[in-house]
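Peer 1: Pasting a structure here, questions to come.
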Amino acid sequence: QQPVQSPQAVILREGEDAVINCSSSKALYSVHWYRQKHGEAPVFLMILLKGGEQKGHEKISASFNEKKQQSSLYLTASQLSYSGTYFCGTERGGNTPLVFGKGTRLSVIA
Amino acid sequence: GAVVSQHPSWVICKSGTSVKIECRSLDFQATTMFWYRQFPKQSLMLMATSNEGSKATYEQGVEKDKFLINHASLTLSTLTVTSAHPEDSSFYICSARDGGRLEAFFGQGTRLTVV
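Now the structure itself:
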């Protein structure tokens, strides 16, 4: 079952913040976040395992609400390099294939 | 981090010919690899799960006789698109996990254009 991402697209000015949401109708084992630039393969950002887990790296962080089967990716003080399409990938068990949402296209402008 | 290498990066072939795409895990062994296909501006759609030493598991709607997968070793999986047609033109990406790690790593992807 494909997770649902929102919004589909967002345009930001440098320095602004954004939130990308990912939800599933099925119970989740983990949520993975990736960023993909045009014509390139997805690049791993982070994985969240436990209900209520939050983690981050520099100005990108994420949370995972296991009960609600939702995850959110937070981008603060966005930079031009943040532009790309963000995908959440979900799995229902360990070492099972990731099922990806349709993606959120993020454009950061100067 | 773990490295997954995919080859070729792009290929243009004539309709009716077959194309082989290789996916290698360079610094780890992967008993399982995953093949995805991505059409322009769309999501990555899982095609099949490649299992070392056994038959691949295909997702519903993916023709196993058209997309042949071979996972002959712990570091190599191949996807062969047989009798390619223009509608097979797409971005094909493989993914693998290092057994002791949770994140999945992707190859660079192969852009297939069938003319």
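Same order as they appear, the protein sequences are chains L and Y. The first sequence: position 71 = 413 (this note's numbering), numbered continuously. The second sequence: position 26 = 771 (this note's numbering), numbered continuously. The C-beta atom is built at its ideal place from N, Cα and C for all residues, glycine as well.
To which residues does DSSP link Y781 of chain Y through a beta bridge?
Peer 2: The residue labelled residue 781 of chain Y in the question sits at position 36 within the second sequence. Per DSSP, Y:L791, Y:I838.
Peer 1: Let me know the secondary structure DSSP gives E832 of chain Y once reduced to three states.
Peer 2: To locate residue 832 of chain Y, count along the second sequence from 1; it is residue 87. In the structure shown, E832 of chain Y sits in a helix (DSSP, three-state: H, G or I).
Peer 1: Tell me whether S366 of chain L sits in a helix, a strand or coil according to DSSP, three-state version.
Peer 2: One-based indexing of the first sequence puts residue 366 of chain L at position 24. In the structure shown, S366 of chain L sits in coil (DSSP, three-state: anything other than H, G, I, E or B).
Peer 1: With three or more C-beta pairs closer than 8 Å as the rule, is the segment 393-402 of chain L touching the segment 754-767 of chain Y?
Peer 2: With the cut-off at 8 Å, the segment 754-767 of chain Y and the segment 393-402 of chain L do not touch.
Peer 1: Is the Cβ of P289 of chain L closer than 8 Å to any Cβ of chain Y?
Peer 2: With chain L covering only 343 through 452, there is no way to say anything about residue 289 of chain L.
Peer 1: So, for F442 of chain L: in the same chain, excluding its five sequence neighbours on each side, which residues have a beta-carbon less than 6 Å away from its beta-carbon?
Peer 2: On the first sequence, residue 442 of chain L is found 100 positions in, with the first residue counted as 1. Answer for F442 of chain L: F429, G431, listed in chain order.
Peer 1: Quick one: grab the DSSP three-state call for Y803 of chain Y.
Peer 2: Along the second sequence, one-based indexing puts residue 803 of chain Y at 58. Reduced to three states, the DSSP call for Y803 of chain Y is strand.
Peer 1: List the whole-angstrom C-beta distance separating V361 of chain L from Y424 of chain L, where the pair is believed to meet the contact cut-off of C-beta under 8 Å.
Peer 2: If you number the first sequence from 1, residue 361 of chain L lands on position 19. If you number the first sequence from 1, residue 424 of chain L lands on position 82. Between Y424 of chain L and V361 of chain L the Cβ distance is about 13 Å, and since that is not below 8 Å, they are no contact.
Peer 1: Check whether chain L comes within 8 Å of T820 of chain Y, counting only Cβ atoms and requiring the distance to be less than that.
Peer 2: Counting from 1 along the second sequence, the entry for residue 820 of chain Y is found at position 75. Not one chain L Cβ lies under 8 Å of T820 of chain Y.
Peer 1: Going along the chain, which residues of its own chain have a beta-carbon closer than 7 Å to the beta-carbon of P753 of chain Y, five neighbours each way excluded?
Peer 2: Numbered from 1 along the second sequence, position 8 holds the residue referred to as residue 753 of chain Y. Excluding sequence neighbours, P753 of chain Y sits near T855.
Peer 1: Which ranges does the alpha helix (DSSP H) cover as unbroken runs of at least 4 residues, wholly within the segment 373-444 of chain L, from first to last along the chain?
Peer 2: For the segment 373-444 of chain L, not a single whole alpha helix (DSSP H) run of length 4 or above is found.
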